[in-house]
Ligand SMILES: Cc1ncc(C[n+]2csc(CCOP(=O)(O)OP(=O)(O)O)c2C)c(N)n1
């Protein structure tokens, strides 16, 4: 059975099944969440999201201000300004666009602004490559944003709505990014269920406006100079809020399941209960990973899989629990941690979390296609002890292993 | 105070009363005699409490909002150095939609102001400014121009004048200070076709506050380029902070004008000009200039003045009168 879509046991609200690309699913979620200010700059593969949102606004389907800014630096700046004024905001980017925004990303955290950003992931230049890997979102890990990674269009839609509820919760007040595969999710038409009545979304994620705002009746300063006597304490509040958001993310996900019939958890396990070997992955390739697990199980290998859905805050305790009984952990990373202790960012973090052999596998870099046979071959080598732990291996790279 | 009576012929308009209330509070950390305070204080007197200030990185920011203190009695935000224009765009857009959704009273007028230095406007923030003007957000952009990156220690900016010595364009044996011309920010802003553009000088407060008022009344973006004297950067004695600004105008180095819906008008005519030497001599940053270099600067100003008179169709800025004393005694105007 697939773990990512829970059977609609308790589903309360009427929904209709439609087909959308991942990008258009995100745009629809933003529309249903009634974002008030949207500022964005085009970059492949996220562009269709903001084109669709511009269309919604210009057709009168969404009462929002759409600011066609002149750069990503300005896109993030504009949503920071709008959020600081008390509006629900949205922007989306990929790759170099994120790089161009970078200066403002930690500022949104320090000001505790509940901005929601989408990201159709794409690798960084050079060489220029417009295709999907997770290099961009992985470079946000140290900044204090909540980071979700969705597996498909349905989950991207659901997660954007959850993200608004979490970010605007008064226990959190942090920006959140919802990442999903460039092209493999962003551009592929998929079936999904969406609420018939958009008000259901607003009932689930009402605009709280509970954060500190620019209010002429109650003037406050946002972004003051924090001298060494103050900076650390103020920043630490953001650190604590991110840690505490784990609980809020979980609550929001469970509540979403009750209302809309779908919840995903922080981590999504697959046939992991009695596994001796686990394959950890994120994004759309989890479907392939599950196929590999099924094949290994048929061949008598007790394999299981685990999907990372929330990587910030890091669900470390849950990791430990889920992988307690597993002997070997293969981590498929889709971004390179150049020159790091392991070459995959998630492999590093998982190794630091579970203290057992971690097999670091890099795949789909620059969107190099892989199939389940290639994953299978790698896992078999790990299972047979042909690969050593804590050493980087590659799948699909010519001339290397 | 009736300026028209006090300075007959100097201003073409009568001024208005300013409120007693101070919204730029005392106790800031600006340098002694820094004229940023003069600009900010009068700006808020005109704009009033229903104003949101966006302040990009620079002297104004670091010396007025050191947590947990603030000198601003209005909501104020600092995001980064290069994004005053875009942060303000977002705030203005939010106000519009929040008024439509009934979160903010639709009849309430809230001013959105960017208060930015020359670096934050003419250099790193240029793109965000241009985007703001192009999209027509109703924002008042106030550029206080001290002609350098003063916060980081007097490096050159795009508005540092020809010949000034700065730490990144130092006067050396080979090169006499800054070799580029001052970027004409008001003209560049006006080229975006926005409703109101003006230059101002805090030594002429009445002219300046009148321009704040017109900027607030504009039905689209307004851009104010305001000269601001900087004691450490320009290297003059603190007591000359206003005097040096007066000399900027009296020499024709700085011309106070406005472009109201495309119509150009000099708001502060100067019938007889002092030589630019008077302005330069008061400041350490021009100390190294040789007489021929001063002459070259004078030639640039003469050309600029000629152009302004041509646009005006009459002589609003008069010829250089070498008989004028550099320092005019008080009350002798
Ligand atoms: C992206 C970035 N680069 C550099 C700096 C360092 N910096 C801070 S203030 C400043 C100069 C500010 O100059 P200006 O805008 O003219 O304002 P002033 O300090 O003169 O008031 C610089 C270079 C910065 N804050 N951000």
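Chains as they are written, first to last, in the working numbering: chain A, 1 to 401; chain B, 1001 to 1333.
Note that CB positions come from ideal geometry on N, CA and C, so glycine has one too.
Note that the coordinates shown come from a computational prediction; the quantities given were computed from them, not determined experimentally.
Which stretch, first to last residue, makes up the beta strand (DSSP E) that contains residue 328 (chain A)?
For this step, residue 328 (chain A) is matched to residue 328 along the first chain. It spans 328-333 - the beta strand (DSSP E) in which residue 328 (chain A) sits, taken as one unbroken run.
Supposed close pair residue 1213 (chain B), residue 1046 (chain B) - CB separation, criterion 8 Å:
The count along the second chain starts at 1 and reaches residue 1213 (chain B) at position 213. The count along the second chain starts at 1 and reaches residue 1046 (chain B) at position 46. The pair is a contact, with the Cβ atoms about 5 Å apart (cut-off 8 Å).
Give me the Cα-Cα distance between residue 1027 (chain B) and residue 1071 (chain B), rounded to the nearest whole angstrom.
Residue 1027 (chain B) sits at position 27 when you count from the first residue of the second chain. Residue 1071 (chain B) sits at position 71 when you count from the first residue of the second chain. Rounded to the nearest angstrom, the gap between the Cα atoms of residue 1027 (chain B) and residue 1071 (chain B) is 7 Å.
Sort B:1241, B:1328, B:1151 and B:1179 by Cα distance to residue 1272 (chain B) and report the nearest one.
Walking along the second chain from the start, residue 1272 (chain B) turns up at place 272. Taking each of B:1241, B:1328, B:1151 and B:1179 in turn and checking the Cα distance to residue 1272 (chain B), the smallest one comes out for B:1328.
Between residue 1107 (chain B) and ligand 1, is there a pair consisting of the residue's CB and a ligand heavy atom that are separated by less than 6 Å?
Start at 1 with the first residue of the second chain, and residue 1107 (chain B) comes out as number 107. Because no heavy atom of ligand 1 lies under 6 Å away, the Cβ of residue 1107 (chain B) does not count as near it: no.
With DSSP collapsed to three states, give me the class of residue 1008 (chain B).
Start at 1 with the first residue of the second chain, and residue 1008 (chain B) comes out as number 8. Residue placement at residue 1008 (chain B) is poorly supported in this model, since its pLDDT is 46, which falls under 50; the coordinates are not used for a value here.
Please list, in chain order, the residues of the region 60-82 of chain A that have any C-beta partner in chain B closer than 7 Å.
Interface annotation for the region 60-82 of chain A against chain B: 63, 64, 65, 67, 69, 70, 71, 73, 74, 77, 78, 79, 80, 81 and 82, criterion Cβ-Cβ distance under 7 Å.
Spell out the partners DSSP gives residue 1119 (chain B) in its beta bridges.
Along the second chain, read from residue 1 onward, the residue named residue 1119 (chain B) stands at position 119. Answer by DSSP bridge pairing: none, since residue 1119 (chain B) is not bridged.
Using a C-beta cutoff of 7 Å, does residue 1083 (chain B) count as contacting chain A?
Position 83 of the second chain, counting from 1, holds the residue named residue 1083 (chain B). Residue contact check for residue 1083 (chain B) against chain A: a CB pair falls below 7 Å.
Output yes if chain B places a C-beta closer than 7 Å to the C-beta of residue 103 (chain A); else output no.
On the first chain, residue 103 (chain A) is found 103 positions in, with the first residue counted as 1. True, the Cβ-Cβ gap to chain B drops below 7 Å.
I'd like to know whether the C-beta atoms of residue 1049 (chain B) and residue 1133 (chain B) end up nearer to each other than 7 Å.
Here residue 1049 (chain B) refers to the residue found at position 49 of the second chain. Here residue 1133 (chain B) refers to the residue found at position 133 of the second chain. Taking C-beta atoms as the reference points, residue 1049 (chain B) and residue 1133 (chain B) fail to come closer than 7 Å.
In whole angstroms, what separates the C-alpha of residue 146 (chain A) from that of residue 1303 (chain B)?
Stepping through the first chain from its first residue, residue 146 (chain A) is reached at position 146. Stepping through the second chain from its first residue, residue 1303 (chain B) is reached at position 303. Between residue 146 (chain A) and residue 1303 (chain B), the C-alpha separation is close to 58 Å.
Short of 6 Å in beta carbon distance, which residues of its chain neighbour residue 1289 (chain B), apart from the five on each side in sequence? Order them along the chain.
For this step, residue 1289 (chain B) is matched to residue 289 along the second chain. Scanning its chain for C-beta atoms nearer than 6 Å, with the 5 sequence neighbours on each side dropped, one finds around residue 1289 (chain B) the residues 1163, in chain order.
Against chain B, with Cβ distances strictly below 7 Å, would residue 142 (chain A) count as a contact?
On the first chain, residue 142 (chain A) is found 142 positions in, with the first residue counted as 1. No, residue 142 (chain A) lies away from the interface with chain B (no Cβ there is under 7 Å from its Cβ).
Assign residue 319 (chain A) to buried or exposed, taking buried as 16 or more other Cβ atoms, counted over all protein chains shown, within 10 Å of its Cβ.
Here residue 319 (chain A) refers to the residue found at position 319 when the first chain is read from its first residue. Buried, by the Cβ-count rule.
Would you mind giving the Cβ-Cβ distance between residue 1080 (chain B) and residue 1056 (chain B), rounded to the nearest angstrom? I have them listed as a contact below 8 Å.
As a first step, residue 1080 (chain B) must be located in the second chain, where it is residue number 80. As a first step, residue 1056 (chain B) must be located in the second chain, where it is residue number 56. Indeed, because the Cβ distance is near 7 Å, the residues count as touching under 8 Å.
Can you name the residues of chain B whose CB is closer than 8 Å to the CB of residue 85 (chain A)?
As a first step, residue 85 (chain A) is located in the first chain; it is residue number 85 there, counting from the start. Under the 8 Å cutoff, chain B gives 1052, 1090, 1091, 1094, 1095 and 1098.
Express the C-alpha separation of residue 1114 (chain B) and residue 1294 (chain B) in angstroms, rounding to a whole number.
As a working mapping, residue 1294 (chain B) is identified with position 294 in the second chain. As a working mapping, residue 1114 (chain B) is identified with position 114 in the second chain. Roughly 35 Å separates the two Cα atoms.
Residue 4 (chain A) classed as buried or exposed, judged by whether at least 16 other C-beta atoms fall within 10 angstroms:
On the first chain, residue 4 (chain A) is found 4 positions in, with the first residue counted as 1. Only weak support exists for where residue 4 (chain A) lies, its pLDDT of 47 falling under 50; the coordinates are left without a value.
Interface residues of chain B facing residue 37 (chain A) [CB-CB closer than 7 Å]:
Counting from 1 along the first chain, the entry for residue 37 (chain A) is found at position 37. Residues of chain B passing the Cβ test: 1090, 1093, 1094 and 1097.
Who are residue 1225 (chain B)'s beta bridge partners in DSSP?
Your numbering for residue 1225 (chain B) matches position 225 in the second chain. DSSP, once it has assigned bridges, lists B:1143 and B:1199 as partnering residue 1225 (chain B).
Determine, using beta carbons only, whether residue 1116 (chain B) comes closer than 7 Å to chain A.
By 1-based counting over the second chain, the position of residue 1116 (chain B) is 116. Interface flag for residue 1116 (chain B) against chain A is unset, since no Cβ pair is found closer than 7 Å.
Quick one: residues in its chain with C-beta nearer than 8 Å to the C-beta of residue 1029 (chain B), no 5 flanking neighbours on either side, listed in chain order?
Numbered from its first residue, the second chain carries residue 1029 (chain B) at position 29. Around residue 1029 (chain B): 1062, 1063, 1064 and 1066.
Contacts around residue 108 (chain A), its chain only, beta-carbon distance under 6 Å, and the 5 residues preceding and following it disregarded
Here residue 108 (chain A) is taken as the residue at index 108 of the first chain, counted from 1. Excluding the 5 residues flanking it on each side, residue 108 (chain A) has same chain C-beta neighbours closer than 6 Å at 80, 115 and 175, in chain order.
By the DSSP assignment, the alpha helix (DSSP H) with residue 1309 (chain B) in it spans what residues?
Here residue 1309 (chain B) corresponds to residue number 309 of the second chain, with the count starting at 1. It spans 1291-1312 - the alpha helix (DSSP H) in which residue 1309 (chain B) sits, taken as one unbroken run.
Among the residues of its own chain, which have a CB less than 7 Å from the CB of residue 83 (chain A), if the five just before and after it don't count?
Locating residue 83 (chain A) in the first chain gives position 83, counting from the first residue. Hits under 7 Å: 89, 113, 114 and 115.
Distance check for residue 65 (chain A) and residue 1008 (chain B), CA to CA, integer angstroms please.
Locating residue 1008 (chain B) in the second chain gives position 8, where the first residue counts as 1. Locating residue 65 (chain A) in the first chain gives position 65, where the first residue counts as 1. Its pLDDT being 46, under 50, residue 1008 (chain B) is placed unreliably in this model, and the value from its coordinates should be taken loosely. Straight-line Cα distance between these residues: approximately 48 Å.
If you draw a straight line from the C-alpha of residue 345 (chain A) to the C-alpha of residue 266 (chain A), how long is it?
Counted from its first residue, the first chain places residue 345 (chain A) at position 345. Counted from its first residue, the first chain places residue 266 (chain A) at position 266. Those two C-alpha atoms are separated by around 18 Å.
Quick check on the DSSP output: the beta strand (DSSP E) that includes residue 91 (chain A) runs from which residue to which?
By 1-based counting over the first chain, the position of residue 91 (chain A) is 91. For residue 91 (chain A), the enclosing beta strand (DSSP E) starts and ends at 89-93.
Using a beta-carbon distance cut-off of less than 7 Å, what residues from the region 105-134 of chain A approach chain B?
Residues 107.
When the Cα of residue 308 (chain A) is compared with those of A:325, A:332 and A:171, which residue comes out closest?
Locating residue 308 (chain A) in the first chain gives position 308, where the first residue counts as 1. Comparing C-alpha distances from residue 308 (chain A) to each of A:325, A:332 and A:171 shows the shortest one belongs to A:332.
Let's test the definition: count the other Cβ atoms within 10 Å of the Cβ of residue 1210 (chain B) and tell me whether it reaches 16, buried, or not, exposed.
On the second chain, position 210 is the one that residue 1210 (chain B) refers to. Flag for residue 1210 (chain B) reads buried.
Three-state secondary structure (DSSP) at residue 48 (chain A)?
As a position in the first chain, residue 48 (chain A) is number 48, starting the count at 1. Helix, per DSSP.
Using only the alpha-carbon positions, how far apart do residue 137 (chain A) and residue 163 (chain A) sit?
Mapped onto the first chain, residue 137 (chain A) falls at position 137. Mapped onto the first chain, residue 163 (chain A) falls at position 163. So the two alpha carbons sit approximately 16 Å from each other.
In the region 1211-1235 of chain B, which residues sit with their C-beta less than 9 Å from some C-beta in chain A, listed in chain order?
Correct list: empty, as no residue qualifies.
Every unbroken alpha helix (DSSP H) within the region 348-391 of chain A, with a cutoff of 4 residues, ordered by chain:
372-383, all fully within the region 348-391 of chain A.
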